[in-house]
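Residue numbers (the working numbering), protein chains in the order written: chain U, 326 to 749; chain H, 438 to 591. Every residue gets a Cβ at the ideal spot worked out from N, C-alpha and C, and that includes glycine. These numbers come from a predicted model, not from an experiment. Let me begin by presenting the structure, written as structure tokens, before commenting on it.
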Amino acid sequence: MTAHPAGTAPAPVRVEPPLDGLALRADFPIFERTMAGRPLVYLDSAATSQKPAAVIRAVEAFYRTTNANVHRGVYALSAEATDLYESARTVVARFIGARDRREVVFTRGTTEAVNLVAQAWGGANVGRGDAVLTTELEHHSNLVPWQLLAERTGAEVRYLRITDDGRLDLSELDRLLDRRVKLLAFGHVSNALGTVNPVRQLVEAARAVGARVLLDGAQGVPHLPVDVTAMDIDFLAFSGHKMCGPTGIGALWARRELLEAMPPYQGGGEMIRTVSLAGSTWAEPPARFEAGTPNIAGAVGLGEAARYLSGLGMERVAAHGAVLVAYALERLDGVPGVRVLGPRPDRSGAVTFTMDGVHPHDLASILDRRGVAIRAGHHCAMPVHARLGLTATARASFYVYNAPWDVDALVEGLEAARGVFRRD
Amino acid sequence: MAEMDDLYQEVILDHNRQPRNFGPLGDANRSAEGHNPLCGDTIVLYLRVEDDVVTDVSFEGGGCAIATASASLMTEVLRGKSVAQARALFEGMMDMLTGDPTHAAEVAEDLGKLAVFSGVREYPMRVKCATLVWHTLQAALEDLRQPVSTEQQG
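Below is the structure:
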């Protein structure tokens, strides 16, 4: 085990994490800085992950040595930039188990990918009398686009509710999932509670009624091995910035035949075949859905991020998260007044909790003064909080550069908060 | 109590534990609702204004210690103040929390016990917690029907 950043020995851990999180901190330049004079304890990777030097270097190198627009210039520099951009697409496709690299559309992130499907596929395939089934557990980005689609088309949005411990209530699945449902849209992993949803079971149920499946992979792709072919889904939306990549880049993966049948999402350059004043024709996917100059450097950075994670091995990344979550649950259970929300098994990457008599914002402020960054609020999942009767919760989320040491720092901070707010 | 006592002063902790003037106000003739969409906190403020004087005031809801204590202390300070004085207190709080730091101490002096919030300005992410109820007061004085939001205040 690597030396402890604060110089003290970590608390004994029952199961040694598969990755040496403290050693991996060296790959991430941000950990060279301190917060409030202490080492940074970053427990908000579900909001955005930190970036390894390899990704930062790849983005910088692109601008320093290869910058030109893609798919346009006949000169060598543009060809090099195009090669880098397109090879990033290949790496990303391989990372998610796609058979065909042309099934990967670069977007700004998960939100844009979901909106793209809602607009382009939903507009053509979901009408009055049809329904989209999503869940109460979703991030707002997998709820609002469907509500907007329903407003435009007169379709219905249905919601699979959750149980008290934050799992999808599958007892309602048969009733809600009938032949009117054209799309089942759900998250692989809940950003609010860390719940890992039963993808196989849900996909099989959707197939049985002929519904398409969109998987929101924002929290799944960074943390768990994802193989779109094995999962047999139709759409996967995910963000680069939660998986060690830059902000402003993400992807939509969709089956080739679906992309080919979809009308454009936005109009502009890059996405056309021909334009005349009488009308235009569209390029083949993925170009059809990448109007305008894309985020070339972002895509290059995302490709590098996928390489970095593949180097660690996604099975190990997943196992590492599971060990940290288990350790966090064990330690949090020992703090008086702390209540952990969400399921015990079947959770990944994040631990959400409340502390009696201390508002999550106050917790976050006190932790912040100790260099510990957690999220406090509704985590863009207001329906989940309404269901649990809460307006706000605290969330600690983990990634490859975290170690049991980070959990110890969190628990020390929670004890300190309890001291401040102790009722005499 | 060495942990952040600049922010969590004893007075603030006390008002958080036992908010004053908490609950609905039967004979209120003004009320307003304030939201902080970042954390989901909501405060409802009730006022009785007679002859341009705030004769009674109470609040419901709340959130973090800063928001709750700010509301509680505001209700204590406000009773008996004229509407003009109430508006001046609003200006003073804004000045203390977000204004020119060179005269913040001076402003704090004029605010009496509200000066316990002067430390909040060192925590920019928390300023909105302290000002939520004051924006709600402005809305109640204007008799606005729309809930106010911390995100519309800039």
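Could you round the C-beta distance between residue i and residue j to whole angstroms and report it? I think they count as a contact, below 8 Å.
i: L482 (chain H); j: F496 (chain H); result: 5 Å
i: Y590 (chain U); j: L713 (chain U); result: Rounded, the Cβ-Cβ distance is 35 Å, inconsistent with contact.
i: V521 (chain U); j: D693 (chain U); result: The Cβ separation is near 29 Å, so there is no contact.
i: S403 (chain U); j: G628 (chain U); result: 18 Å between Cβ atoms; not a contact.
i: L368 (chain U); j: R358 (chain U); result: Rounded, the Cβ-Cβ distance is 16 Å, inconsistent with contact.
i: A608 (chain U); j: M596 (chain U); result: 5 Å
i: V494 (chain H); j: N458 (chain H); result: 6 Å
i: R485 (chain H); j: L462 (chain H); result: 6 Å
i: G447 (chain U); j: R505 (chain U); result: Not a contact, Cβ separation roughly 14 Å.
i: C566 (chain H); j: A701 (chain U); result: Not a contact, Cβ separation roughly 11 Å.
Give the range of the beta strand (DSSP E) segment to which residue i is assigned.
i: K518 (chain H); result: First-last for K518 (chain H): undefined, no H or E at that position.
i: A576 (chain U); result: G575 to A579
i: K507 (chain U); result: V506 to G512
i: A562 (chain U); result: F560 to S564
i: A675 (chain U); result: A675 to M680
i: N473 (chain H); result: R467 to N473
i: S605 (chain U); result: G604 to W607
i: A456 (chain U); result: A456 to T460
i: T478 (chain U); result: That residue, T478 (chain U), is in no beta strand (DSSP E); its alpha helix (DSSP H) goes V469 to T478.
i: Y484 (chain U); result: E481 to L485
i: D503 (chain U); result: Per DSSP, D503 (chain U) belongs to no beta strand (DSSP E) and is neither H nor E.
i: E341 (chain U); result: Segment: none, E341 (chain U) is in no beta strand (DSSP E) and carries neither H nor E.
i: E559 (chain H); result: It is not in any beta strand (DSSP E) - E559 (chain H) carries neither H nor E in the DSSP assignment.
i: I597 (chain U); result: I597 to S601
i: V490 (chain H); result: V490 to G499
i: G702 (chain U); result: R700 to G702
i: T722 (chain U); result: It is worth fixing the name first, because residue 722 (chain U) is Ser in this sequence and not Thr. Unbroken beta strand (DSSP E) run through S722 (chain U): T718 to S722.
i: D541 (chain U); result: R537 to D541
i: V771 (chain U); result: This structure cannot settle anything about residue 771 (chain U), because the visible part of chain U is limited to 326 through 749.
In chain U, what lies closer than 7 Å to residue i by C-beta?
i: A502 (chain H); result: H684 and D687
Just mark residue i as buried or exposed, buried being the case when its beta carbon has 16 or more other beta carbons within 10 Å.
i: G591 (chain H); result: With a pLDDT of 37 at G591 (chain H), under the threshold of 50, the modelled position of that residue is not reliable, and the figure given next carries that caveat. Result: exposed.
i: R492 (chain U); result: buried
i: A517 (chain U); result: buried
i: D464 (chain H); result: exposed
i: R743 (chain U); result: buried
i: Q375 (chain U); result: buried
i: V600 (chain U); result: exposed
i: Q455 (chain H); result: exposed
i: H540 (chain H); result: exposed
i: Q575 (chain H); result: buried
i: T554 (chain U); result: exposed
i: V551 (chain U); result: buried
i: V457 (chain U); result: buried
i: V709 (chain U); result: buried
i: T488 (chain U); result: exposed
i: G575 (chain U); result: buried
i: D537 (chain H); result: exposed
i: A401 (chain U); result: exposed
i: M568 (chain U); result: buried
i: K550 (chain H); result: exposed
I need the boundaries of the alpha helix (DSSP H) containing residue i, first residue and last residue.
i: M556 (chain U); result: V553 to M556
i: V430 (chain U); result: Per DSSP, V430 (chain U) belongs to no alpha helix (DSSP H); it is in the beta strand (DSSP E), V429 to T432.
i: L482 (chain H); result: Run containing L482 (chain H): none in the alpha helix (DSSP H); it sits in the beta strand (DSSP E), D478 to E487.
i: E546 (chain H); result: A541 to D547
i: D580 (chain H); result: Careful: D580 (chain H) lies outside any alpha helix (DSSP H) and carries neither H nor E.
i: F420 (chain U); result: A401 to F420
i: L756 (chain U); result: The first residue shown for chain U is 326 and the last is 749, placing residue 756 (chain U) beyond what the model contains.
i: H645 (chain U); result: M639 to D658
i: R694 (chain U); result: No alpha helix (DSSP H) holds R694 (chain U); DSSP gives it neither H nor E.
i: A371 (chain U); result: Looking at the DSSP string, A371 (chain U) is not in any alpha helix (DSSP H), and its letter there is neither H nor E.
i: D435 (chain U); result: For clarity, residue 435 (chain U) is Thr in the given sequence; the question names Asp instead. Its alpha helix (DSSP H) spans residues T435 to L441.
i: M707 (chain U); result: M707 to L713
i: I355 (chain U); result: Taken as a continuous stretch (DSSP letters only), I355 (chain U) belongs to no alpha helix (DSSP H), as it is neither H nor E.
Name the chain U residues that come within less than 8 Å of residue i, Cβ to Cβ?
i: R563 (chain H); result: H686 and S690
i: L475 (chain H); result: G702
i: Y560 (chain H); result: S690
At a CB-CB cut-off below 9 Å, which residues of chain U make contact with residue i?
i: L534 (chain H); result: Under the 9 Å cutoff, chain U gives no residues; its nearest Cβ is about 15 Å from L534 (chain H).
i: D478 (chain H); result: H684, H686, T716 and A717
Are any of the Cβ atoms in chain B nearer than 8 Å to that of residue i?
i: Q591 (chain U); result: Judged by its chain identifiers, the structure shown contains no chain B, and its protein chains are U and H.
(message) So if I threshold CB-CB distances at 9 Å, which residues from the segment 507-519 of chain H count as touching chain U?
(response) none
(message) At a CB distance below 8 Å, what residues from the segment 702-716 of chain U approach chain H? Give them in sequence order.
(response) G702, H703, M707, H710 and T716
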